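Asks: Below you'll find the structure I mean.
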Amino acid sequence: MGKFPFIVTMLFFLFGCTNESIHMPNDYPKQKSDVINTHGSIENIEQLDQFVNHVKSEKNAEVRIVHYTIEGDPILLDLAYDGKIIQAKYDNTLDQFGVGKIDKYSCESISKIETETKTSYELDCGGQQEEILHFDYDTEQQDKFDFHLKYGFNKKNEVDTVNQKLIKDLQNGEIVAVSDFQFGRNELNQIYKAMILANFFAEKKLTTSCNKEPHESYDLTVWINGGERHFEWSECDKSKHGLQMKKMKNDIIQVIQENETYKSLPPVKGSYE
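The sequence shown begins at 1 in full-length UniProt numbering and counts up one residue at a time.
Structure, rendered in structure tokens:
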């Protein structure tokens with residue numbers, strides 16, 4: 001076992017028909033900048049990415065990672081970089097089943113490692129690599145992963161992996177439909193990763209209202225293992241959750257538009273603007 005006796009893991013394969021709120025203890029004052037992992041639901045991963053970038057640029061930076069146990073207790077990992085060394089403080093004193101101690105370590109660097117199926121964050125502490133957080137997006141490891149996305153003006157564009165359907169709106173009154181449409185495995189992994197980074201397992205406050213005409217709207221249903229999640233929002237939603245979903249939508253559409261079948265379709269011929 002390394003210096004940190006836990007690995008902050010995103011256990012998405014455990015996700016079933018659970019849409020209930022995750023228990024969050026009241027005795028920990030959650031901060032907006034905390035990177036939080038709660039039983040497979042992650043928030044603010046961009047804060048950790050920013051910390052990694054600051055270390056690479058030799059800029060002072062701090063970040064806190066909060067990992068919640070199954071019982072709902074927080075385990076804290078504070079990282080502080082002074083331009084030379086990363087000071088790491090591991091604190092499990094709030095974990096009722098932990099050993100109740102604070103450990104401190106000095107580390108030389110931090111790295112983000114991405115593959116086609118996994119992203120991990122590792123500290124280099126005296127030549128020893130310590131994984132402090134990782135998340136997987138290998139769809140082959142899931143019992144089921146399907147989604148139905150409707151997007152664009154009047155949501156006329158569609159991708160439906162359940163019925164293997166692809167619809168492109170040419171914006172001149174015509175649409176083009178493809179049956180037996182399928183993504184490759186790596187494409188599905190990229191889409192799953194985009195959803196994970198948007199923390200789509202968490203409850204979200206989104207709005208479909210928009211004072212702009214015409215405007216783009218989005219409707220997304222995801223089936224993962226035994227669970228189902230559904231979201232609707234518009235391009236006018238500038239809330240934190242709306243911006244998360246916007247980035248996710250953009251990443252998914254990029255995968256769609258780079259698909260060879262999609263690229264073979266006729267180009268958009270009109271405009272709603």
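A virtual CB, placed ideally from N, CA and C, is assigned to each residue, including glycine.
Keep in mind it's a predicted model, so treat the numbers as computed, not measured.
1) Keeping to the same chain, check which residues put their C-beta closer than 7 angstroms to that of residue 274; ignore five residues upstream and five downstream.
2) Taking the alpha-carbon positions, what's the residue 357 to Asn-199 distance?
3) So is Asp-143 buried or exposed if we call it buried at 16+ other beta carbons inside 10 Å?
4) Let me check understanding here. Comparing Cα to Cα, which of Leu-77, Gln-50 and Glu-260 lies closest to Tyr-37?
5) Hey, Phe-145 and Leu-188 are a contact pair by Cβ (cut 8 angstroms); roughly how many whole angstroms apart?
6) Counting only runs that start and end within the region 161-199, where is the alpha helix (DSSP H) found for 4 or more residues in a row?
7) Can you grab the Cα-Cα spacing for the pair Asn-60 / Ile-102, in whole Å?
8) Assuming Tyr-90 and Ile-253 make a contact with CB atoms under 8 angstroms, what is their CB distance in whole Å?
9) With a Cβ-Cβ cutoff of 8 angstroms, do Lys-165 and Phe-181 count as a contact?
10) Look at the alpha carbon of Lys-193 and the alpha carbon of Gln-171, and state the distance between them as a whole number of angstroms.
11) Beta-carbon separation of Thr-261 and Trp-233 under 8 angstroms?
12) If we count the other Cβ atoms within 10 Å of its Cβ and call it buried at 16 or more, is Ile-65 buried or exposed?
13) When the distance is taken between beta carbons, is Tyr-218 closer than 8 angstroms to Lys-249?
14) For Ile-83, list the residues DSSP reports as bridge partners.
15) Express the C-alpha separation of Leu-133 and Gly-98 in angstroms, rounding to a whole number.
16) Tell me whether Gln-257 sits in a helix, a strand or coil according to DSSP, three-state version.
17) Please report how far the alpha carbon of Lys-212 lies from the alpha carbon of Cys-236, in whole angstroms.
18) Do you know offhand how far Cys-107's Cα is from Ile-86's?
19) Whose C-beta lies closer than 7 angstroms to the C-beta of Ser-179 among residues of the same chain, with five residues either side of it excluded?
20) Take Ser-109 and list the residues in its own chain whose beta-carbon comes closer than 6 angstroms to its own, dropping the five residues that flank it on each side.
21) Between which residues of its own chain and residue 280 is the CB-CB distance below 8 angstroms, once the five residues before and five after are set aside?
22) Going by Cα to Cα distance, which pick from Ala-177, Gln-141 and Thr-139 is closest to Lys-156?
23) In whole angstroms, give me the CA-to-CA distance for Asp-160 and Ile-191.
24) If you run the structure through DSSP and keep just helix, strand and coil, what is His-54?
25) Under the rule that 16 or more other beta-carbon atoms within 10 Å means buried, what is Val-268, buried or exposed?
26) Report the option in Lys-240, Glu-116 and Val-222 whose CA atom is closest to the CA atom of Lys-32.
27) Should Leu-243 be labelled buried (16 or more other beta-carbon atoms within 10 Å of its own) or exposed?
Replies: Taking the structure as given:
1) Residue numbering for the chain in the displayed model covers 1 to 273; residue 274 lies beyond these limits and cannot be assessed.
2) No answer is possible for residue 357: the residues shown for the chain start at 1 and end at 273.
3) Looking at its Cβ environment, which holds fewer than 16 other Cβ atoms inside 10 Å, Asp-143 is exposed.
4) Correcting the residue type first, residue 37 is Asn in the shown sequence and not Tyr. Of the candidates Leu-77, Gln-50 and Glu-260, the one whose C-alpha sits nearest the C-alpha of Asn-37 is Leu-77.
5) Contact holds; Cβ gap of about 7 angstroms.
6) Counting whole runs of 4 or more residues, the region 161-199 contains the alpha helix (DSSP H) stretches 185-197.
7) For Asn-60 and Ile-102, the distance between alpha carbons rounds to 23 angstroms.
8) Going by Cβ atoms, the distance from Tyr-90 to Ile-253 rounds to 40 angstroms, so no, they are not a contact pair.
9) With respect to the 8 angstroms criterion, Lys-165 and Phe-181 are classified as neighbours on the basis of their beta carbons.
10) Straight through space, the alpha carbons of Gln-171 and Lys-193 are spaced by roughly 30 angstroms.
11) Between Thr-261 and Trp-233, the CB-CB gap reaches or exceeds 8 angstroms.
12) With 16 or more neighbouring CB atoms inside 10 Å of its own CB, Ile-65 falls in the buried class.
13) Contact flag set, yes.
14) Reading off the sequence shown, one finds Gly at residue 83, where the question assumed Ile. Bridge partners of Gly-83: none, in fact.
15) Their backbone Cα atoms lie some 19 angstroms apart in a straight line.
16) For Gln-257, the three-state secondary structure derived from DSSP is helix.
17) Roughly 8 angstroms between the two C-alpha positions.
18) Distance between the alpha carbons of Cys-107 and Ile-86: 5 angstroms.
19) Cβ-Cβ distances below 7 angstroms link Ser-179 to Gln-164 and Lys-165 in the same chain, with the five nearest sequence neighbours on each side left out; the list follows chain order.
20) Within the same chain, Ser-109 has close Cβ partners Asp-124.
21) With the chain covering only 1 through 273, there is no way to say anything about residue 280.
22) That would be Ala-177, whose Cα lies nearest to the Cα of Lys-156.
23) Looking at the two C-alpha atoms, the distance is approximately 13 angstroms.
24) Looking at His-54 - three-state DSSP - the assignment turns out to be helix.
25) Residue environment for Val-268: exposed (fewer than 16 other C-beta atoms within 10 angstroms of its C-beta).
26) Closest in alpha carbon position to Lys-32, among Lys-240, Glu-116 and Val-222, is Lys-240.
27) Around the CB of Leu-243, fewer than 16 other CB atoms lie within 10 Å, so the residue is classed as exposed.
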